[in-house]
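Each residue of the sequence shown is one higher than the one before, counting from 1 in the numbering used here.
Note that beta-carbon positions come from the ideal geometry of N, C-alpha and C, so glycine has one too.
To start, the structure under review is shown below, and the notes come after it.
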Amino acid sequence: MVKLAIFVSGSGTNCENLIEYFKDSESVKCALVVSNKADAYALVRAEKHGVPTAVMPKAELNDEEKMMALMKEYDIDFIVLAGFLPLVPNFLIEAYPMRIVNIHPSLLPKYGGKGMWGHHVHEAVKAAGEKESGITIHYVTPVCDGGEIIAQYKVALSPEDTADDIAGKVHVLEMKHFPHVVEEIIKR
């Protein structure tokens, strides 16, 4: 059984989607949800499904002893970032080589890096007049949004689409593809 930790910062729709996807799995268990924000609604979603949660503000997230103790306590094998905003500390990346993945709401390498998250991405895509957007699932490295791309899924955009419209289209892709890609990566 692969034990999964999901790292979140916000509302947690991707987090809940992963929990529901793996709830009856015989090979993957969502063992822990970690947030850097105590008020992240993702924690409520996780608790509703009986998944343990932990709040690790920036100082604790960057405390190797505390984070590694938490990962050991829940026997975590794999980490998924699902709307997690802080940079993952290098010690975690080293402890989980090629076992930390992230979902990004654009077709990397476009619209990635520092400050490019959530609505900021969709506004930049709209401002550039892009004809398509999508999601990128990639391995996490010390370079923000710079890890090897695992999968990308695209959606067509129209000139009339607002940033909110783009966000909605991208969210559909996240809900449809993220869980099965995570499962494929874990089973490799």
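Query, Result
"Delimiting residues of the alpha helix (DSSP H) encompassing F91", "N90 to A95"
"C-alpha distance - A124 paired with M116, whole-angstrom precision", "9 Å"
"Cβ-based burial, M67 [other Cβ within 10 Å; buried from 16]", "buried"
"Simplified DSSP state of T54, which is helix, strand or coil", "Contrary to the premise, residue 54 reads as Ala rather than Thr in this sequence. Three-state DSSP puts A54 in a strand."
"Distance between S158 and A95 (C-alpha atoms, nearest Å)", "43 Å"
"Enclosing alpha helix (DSSP H) for G118 [first to last residue]", "G118 to A127"
"I137 and V88 closer than 9 Å at C-beta", "no"
"Residue of V34, I19, L107 and K3 minimising C-alpha distance to G10", "V34"
"Contact with chain B by A151, beta-carbon distance below 9 Å", "The chain inventory of the structure shown lacks chain B, comprising one protein chain alone."
"Residues of its chain near D145, where Cβ-Cβ distance is below 6 Å and the 5 sequence neighbours each way are ignored", "H104, L108, G112 and G113"
"T230, DSSP secondary structure in three states", "Look at the range of the chain in this structure, 1 to 188, and you will see that residue 230 is not part of it."
"Where G168 falls: helix, strand or coil (DSSP)", "helix"
"Coil, strand or helix - L32 by DSSP", "strand"
"Reference I135, options A163, R99, M175 and P142, closest by Cα", "M175"
"Proximity below 9 Å, CB of G12 to CB of L43", "yes"
"Beta-carbon proximity list for I166, same chain, < 7 Å, skipping 5 on both sides", "H122, V125, K126, S133 and L157"
"Inter-residue spacing [alpha-carbon to alpha-carbon] between N102 and E16", "15 Å"
"For F84, the three-state DSSP class (helix, strand or coil)", "coil"
"Distance between V2 and I185 (C-alpha atoms, nearest Å)", "12 Å"
"Residues bridged to H138 [DSSP beta-bridge criterion]", "N102 and I149"
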